[in-house]
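Only one structure is covered here, and it is reproduced in the block below.
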Amino acid sequence: MSAAAIVHPKLAQASFELTIRPLLTEPGKFETLGIKLLKVSFPYLDVELDWYLHGTKIALRVDGTDFPYRPVGGWWIDAAGLPLMAGSQQVPAGNGFHVNDQSGQASCWFCFKGWREYHDHESHQDMSWAALRGDRRYSVLALIAQLRTDLNLTGVVKQ
Amino acid sequence: MPIKAVQIEIDRQLRSIIPGSTRGQAIINLSAVTGDEQVLLEVPGDVDLPLAPTDLLFIRGGEKFSIGDGQPVVADNPVVRKNPGARLNDQPMFDHGHAQVAKLTGADIKRLAGGGNVDLWVDLDGLADELVEDADRVVLQQQDRFFTVAHHDEDRFYEVTVLLDGETRAHRFPAAMTVQQAIRRSLPPRDRPQVSDFEMADGNVGPQALEASLTLKAAGVRDGHLLSITKKNGGGG
Chain A
-11 MSAAAIVHPK LAQASFELTI RPLLTEPGKF ETLGIKLLKV SFPYLDVELD WYLHGTKIAL
49 RVDGTDFPYR PVGGWWIDAA GLPLMAGSQQ VPAGNGFHVN DQSGQASCWF CFKGWREYHD
109 HESHQDMSWA ALRGDRRYSV LALIAQLRTD LNLTGVVKQ
Chain B
281 MPIKAVQIEI DRQLRSIIPG STRGQAIINL SAVTGDEQVL LEVPGDVDLP LAPTDLLFIR
341 GGEKFSIGDG QPVVADNPVV RKNPGARLND QPMFDHGHAQ VAKLTGADIK RLAGGGNVDL
401 WVDLDGLADE LVEDADRVVL QQQDRFFTVA HHDEDRFYEV TVLLDGETRA HRFPAAMTVQ
461 QAIRRSLPPR DRPQVSDFEM ADGNVGPQAL EASLTLKAAG VRDGHLLSIT KKNGGGG
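Chains A and B are the protein sequences, given in the same order.
The end of the first sequence is residue 147 by my numbering, with every number in the run present.
The end of the second sequence is residue 517 by my numbering, with every number in the run present.
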């Protein structure tokens, strides 16, 4: 990430780690609920989500750069931490799970309120992150839990 | 994490107390009354209610109590001017014209719900729900919300942890409560009218959402289980 920081990295890290603290202190509970903590190294949080509808799991990277001034970003990663792309039959597509960015480039992102790529999208400029960030419904762990639910909706396919 | 303490006002002095189900004796002890003095729950625009040691009341924080000198003595369960605003099974507890007192036993409240072989619970926002026994005499307050569920001799309730909005919280649910009722009681008040938009999964049972119409017991929920509540559909576009 070469862009200049908006929020001081130490402040963003403190905010990010505070909001994900329940996962850090009680990882076993979250794992029971299909959210396995893999690694935390600010600005990234890596978790594995249970994609039970397809009998598999998928690793998610959450990016807390500039949190909470900006929402967190998110994308799928492989075992080496590299972004997963469509075409490998490993990523979800449909119902808000996109596999190309606005310019048509291959890039997985989540079209759900509370995720950075949603709020960066030109179609969503009427939905301000500033209006959502104080709502626990859009806290980082709530977003991850909701993503696990949405991942397992009928209509989400492997691509 | 349960709330450890809230503040109430006794004789215009703030006191800390554990919220939830509380006996009158606990308030009396904090009041240090002597002789004929009575501790009364202040009720705006109505008769203040004297506390008997065994009376049950539900403390949320912010309640005000005064100390009467006992001259004259306020009746143990005085007739009040207005219906207490408590609700029972999502309806006002009292019909218009009901002879009003503000202390009812659990058995009285069950009768108002139509009787039958039911358990009576009080729904406490942010706290574990409490079972009210037949013999408990409750000092009714405006914000009290009671509900009844079919009585079960075994597994009357489950103590579980619920993940909602990124936070884990301990809950105690009646075993005979339906999954949808449990979701509703876990949601913040703003979301309760849209309860059918949400689903509950039990990580100890499996990853799929629990059937909303089943009782918790029938759905497989048990003591110590981990539940999560999310929207059925996050609204992806």
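For glycine and all other residues, C-beta sits at the position ideal for the given N, C-alpha and C.
Next on the checklist: Cβ closer than 7 Å: which chain A residues qualify as neighbours of Leu506 of chain B?
Outcome noted: Locating residue 506 of chain B in the second sequence gives position 226, where the first residue counts as 1. Those within 7 Å of Leu506 of chain B in chain A are Lys17, Thr20, Leu21.
Next on the checklist: By the 7 Å beta-carbon criterion, what residues does the region 424 to 455 of chain B contribute toward chain A?
Outcome noted: Listed in sequence order: Thr441, Leu443, Asp445, Gly446, Glu447, Thr448.
Next on the checklist: Please confirm whether Gly500 of chain B has its beta-carbon closer than 7 Å to some beta-carbon of chain A.
Outcome noted: As a first step, residue 500 of chain B must be located in the second sequence, where it is residue number 220. By this cut-off, Gly500 of chain B is not an interface position.
Checklist entry - Which of the three DSSP states, helix, strand or coil, is assigned to Thr53 of chain A? => result Counting from one through the first sequence, the residue named residue 53 of chain A turns up at place 65. Looking at Thr53 of chain A - three-state DSSP - the assignment turns out to be coil, as it is neither helix nor strand.
Checklist entry - For His376 of chain B, which of helix, strand or coil comes out of DSSP? => result Against the second sequence, residue 376 of chain B aligns to sequence position 96. Note that His376 of chain B scores 48 on pLDDT, short of 50, meaning its location in the model is unreliable and no value can be drawn from it.
Item to check | Residue span of the alpha helix (DSSP H) that contains Gln461 of chain B, given as start and end | outcome: Against the second sequence, residue 461 of chain B aligns to sequence position 181. Counting along the chain, the alpha helix (DSSP H) containing Gln461 of chain B begins and ends at 459 to 466.
Next on the checklist: So, for Thr385 of chain B: in the same chain, excluding its five sequence neighbours on each side, which residues have a beta-carbon less than 6 Å away from its beta-carbon?
Outcome noted: Within the second sequence, numbered from 1, the residue matching residue 385 of chain B stands at position 105. Hits under 6 Å: Arg417.
Checklist entry - Quick check: the region 100 to 120 of chain A against the region 470 to 487 of chain B, are there 3 or more CB pairs under 8 Å? => result Taking a cut-off of 8 Å for Cβ pairs, the region 100 to 120 of chain A and the region 470 to 487 of chain B do not touch, as fewer than three such pairs fall below it.
Next on the checklist: Does the CB of Pro487 of chain B have a neighbour CB from chain A at under 7 Å?
Outcome noted: One-based indexing of the second sequence puts residue 487 of chain B at position 207. Taking Cβ atoms only, chain A reaches closer than 7 Å to Pro487 of chain B, which makes this a yes.
Checklist entry - chain B partners of Gln134 of chain A, CB-CB under 8 Å? => result Numbered from its first residue, the first sequence carries residue 134 of chain A at position 146. By Cβ distance, chain B contributes Thr510, Lys511, Gly514.
Checklist entry - Are three or more beta carbon pairs between the region 284 to 299 of chain B and the region 332 to 343 of chain B nearer than 8 Å? => result The region 284 to 299 of chain B is in contact with the region 332 to 343 of chain B.
Item to check | Nearest residue (CA-CA) to Gly122 of chain A, options A:Gly82, A:Ala81, A:Gly102 | outcome: Residue numbering aside, residue 122 of chain A sits at position 134 when the first sequence is read from its first letter. Answer by Cα proximity: A:Gly102.
Checklist entry - Which whole-angstrom value describes the C-beta separation of Ala332 of chain B and Asp356 of chain B, a residue pair presumed to lie in contact below a C-beta threshold of 8 Å? => result The residue you call residue 332 of chain B lines up with position 52 of the second sequence. The residue you call residue 356 of chain B lines up with position 76 of the second sequence. That pair is a contact at about 6 Å.
Item to check | Cβ shell of Glu144 of chain A (< 8 Å), same chain only, five flanking positions each side left out | outcome: As a first step, residue 144 of chain A is located in the first sequence; it is residue number 156 there, counting from the start. First, the amino acid is wrong: residue 144 of chain A is Val here, not Glu. Closer than 8 Å at Cβ, skipping near neighbours: Leu41, Pro80, Ala81, Gly82, Asn83, Phe85, Asp138.
Checklist entry - Under the DSSP definition of a beta bridge, which residues are partnered with Ser296 of chain B? => result Position 16 of the second sequence, counting from 1, holds the residue named residue 296 of chain B. DSSP, once it has assigned bridges, lists B:Gln287 as partnering Ser296 of chain B.
Checklist entry - Are the C-beta atoms of Gly395 of chain B and some chain A residue less than 7 Å apart? => result Working through the second sequence from its first residue, we reach residue 395 of chain B at position 115. Under the Cβ criterion of 7 Å, Gly395 of chain B is not counted among the residues facing chain A.
Next on the checklist: Among A:Asn140, A:Leu135, A:Val128, A:Leu141, whose alpha-carbon lies nearest the alpha-carbon of Arg58 of chain A?
Outcome noted: On the first sequence, residue 58 of chain A is found 70 positions in, with the first residue counted as 1. Answer by Cα proximity: A:Val128.
Checklist entry - What distance in whole Å lies between the Cβ atoms of Val440 of chain B and His451 of chain B, which are believed to be in contact at a cut-off of 8 Å? => result Start at 1 with the first residue of the second sequence, and residue 451 of chain B comes out as number 171. Start at 1 with the first residue of the second sequence, and residue 440 of chain B comes out as number 160. His451 of chain B to Val440 of chain B, Cβ: 6 Å. Contact.
Next on the checklist: Using a Cβ-Cβ distance cut-off of 7 Å, determine whether Val145 of chain A contacts chain B.
Outcome noted: Numbered from its first residue, the first sequence carries residue 145 of chain A at position 157. Proximity of Val145 of chain A to chain B, defined by a Cβ-Cβ separation below 7 Å, is not satisfied.
Next on the checklist: Taking CB distances under 7 Å as the criterion, tell me whether Asp38 of chain A reaches chain B.
Outcome noted: Within the first sequence, residue 38 of chain A is the residue found at index 50, counting from 1. Interface criterion met: the Cβ of Asp38 of chain A is under 7 Å from a Cβ in chain B.
Checklist entry - Whole alpha helix (DSSP H) runs in the region 80 to 113 of chain A with 4 or more residues, listed along the chain? => result Taken in chain order, the complete alpha helix (DSSP H) segments of 4 residues or longer contained in the region 80 to 113 of chain A are 104 to 108.
Checklist entry - Helix or strand or just coil, what does DSSP make of Met281 of chain B? => result As a working mapping, residue 281 of chain B is identified with position 1 in the second sequence. Unreliable positioning characterises Met281 of chain B in this predicted model, as indicated by a pLDDT of 47, which lies under 50. A coordinate reading is not provided.
Next on the checklist: Within 10 Å of its beta-carbon, does Val105 of chain A have 16 or more other beta-carbons around it, so buried, or fewer, so exposed?
Outcome noted: Reading the first sequence from its first residue, position 117 is the one you call residue 105 of chain A. The identity of residue 105 of chain A in the sequence shown is Glu, whereas the question assumes Val. When all chains shown are included, Glu105 of chain A counts as buried.
Item to check | Arg502 of chain B - DSSP class collapsed to helix/strand/coil | outcome: To locate residue 502 of chain B, count along the second sequence from 1; it is residue 222. Three-state result, Arg502 of chain B: coil.
Item to check | Whole-angstrom distance between Gln422 of chain B and Gly365 of chain B, CA atom to CA atom | outcome: Residue numbering aside, residue 365 of chain B sits at position 85 when the second sequence is read from its first letter. Residue numbering aside, residue 422 of chain B sits at position 142 when the second sequence is read from its first letter. Straight across, the Cα-Cα distance linking Gly365 of chain B with Gln422 of chain B is about 4 Å.
Item to check | Same chain, Cβ closer than 6 Å to Pro352 of chain B, five either side skipped, listed in chain order | outcome: By one-based count along the second sequence, residue 352 of chain B stands at place 72. Here the set comprises nothing.
Checklist entry - For Phe30 of chain A, which of helix, strand or coil comes out of DSSP? => result Taking the first residue of the first sequence as 1, we reach residue 30 of chain A at position 42. In this structure, Phe30 of chain A counts as coil in the three-state DSSP scheme.
Item to check | Chain-ordered chain B contacts of Leu141 of chain A [CB-CB under 7 Å] | outcome: On the first sequence, residue 141 of chain A is found 153 positions in, with the first residue counted as 1. Contact of Leu141 of chain A with chain B by beta-carbon distance below 7 Å involves Asn513.
Item to check | Option in B:Leu336, B:Lys511, B:His431 with minimal Cα separation from Thr495 of chain B | outcome: Here residue 495 of chain B is taken as the residue at index 215 of the second sequence, counted from 1. Among B:Leu336, B:Lys511, B:His431, the Cα nearest to that of Thr495 of chain B is on B:His431.
Checklist entry - I think Asp326 of chain B touches Arg361 of chain B, with their Cβ atoms under 8 Å apart; what is that distance to the nearest whole Å? => result By one-based count along the second sequence, residue 326 of chain B stands at place 46. By one-based count along the second sequence, residue 361 of chain B stands at place 81. About 5 Å separates the two Cβ atoms, so the contact holds.
Checklist entry - What do you get for Ala0 of chain A, buried or exposed, if any count of 16 or more other CB atoms within 10 angstroms of its CB means buried? => result Counting from one through the first sequence, the residue named residue 0 of chain A turns up at place 12. By the neighbour-count criterion, in which a residue is buried when 16 or more other Cβ atoms sit within 10 angstroms of its Cβ, Ala0 of chain A is buried.
Checklist entry - Closer than 7 Å, CB to CB, is His376 of chain B near chain A or not? => result Position 96 of the second sequence, counted from the start, is the residue given in the question as residue 376 of chain B. The predicted model places His376 of chain B with a pLDDT of 48, which falls under 50 and marks its position as unreliable; any figure quoted below should be read in that light. Not a single CB atom of chain A sits nearer than 7 Å to the CB of His376 of chain B.
Item to check | Contacts that Val128 of chain A makes with chain B (C-beta to C-beta distance below 7 Å) | outcome: For this step, residue 128 of chain A is matched to residue 140 along the first sequence. For a Cβ distance threshold of 7 Å, residue set Gly446 of chain B lies close to Val128 of chain A, ordered along the chain.
Checklist entry - Quick one: which chain B residues come within Cβ less than 7 Å of Cys99 of chain A? => result Translated into positions along the first sequence, residue 99 of chain A becomes position 111. Neighbours of Cys99 of chain A on chain B, chain order: Gly516, Gly517.
Checklist entry - Between which two residues does the beta strand (DSSP E) harbouring Val418 of chain B extend? => result Indexing the second sequence from 1 puts residue 418 of chain B at position 138. In the DSSP assignment, Val418 of chain B falls within the unbroken beta strand (DSSP E) covering 417 to 419.
Next on the checklist: Would Gly514 of chain B and Cys99 of chain A qualify as a contact pair, given that the criterion is a beta-carbon distance under 7 Å?
Outcome noted: Counting from 1 along the second sequence, the entry for residue 514 of chain B is found at position 234. Counting from 1 along the first sequence, the entry for residue 99 of chain A is found at position 111. No; because the gap between Cβ atoms is not below 7 Å, this pair is not in contact.
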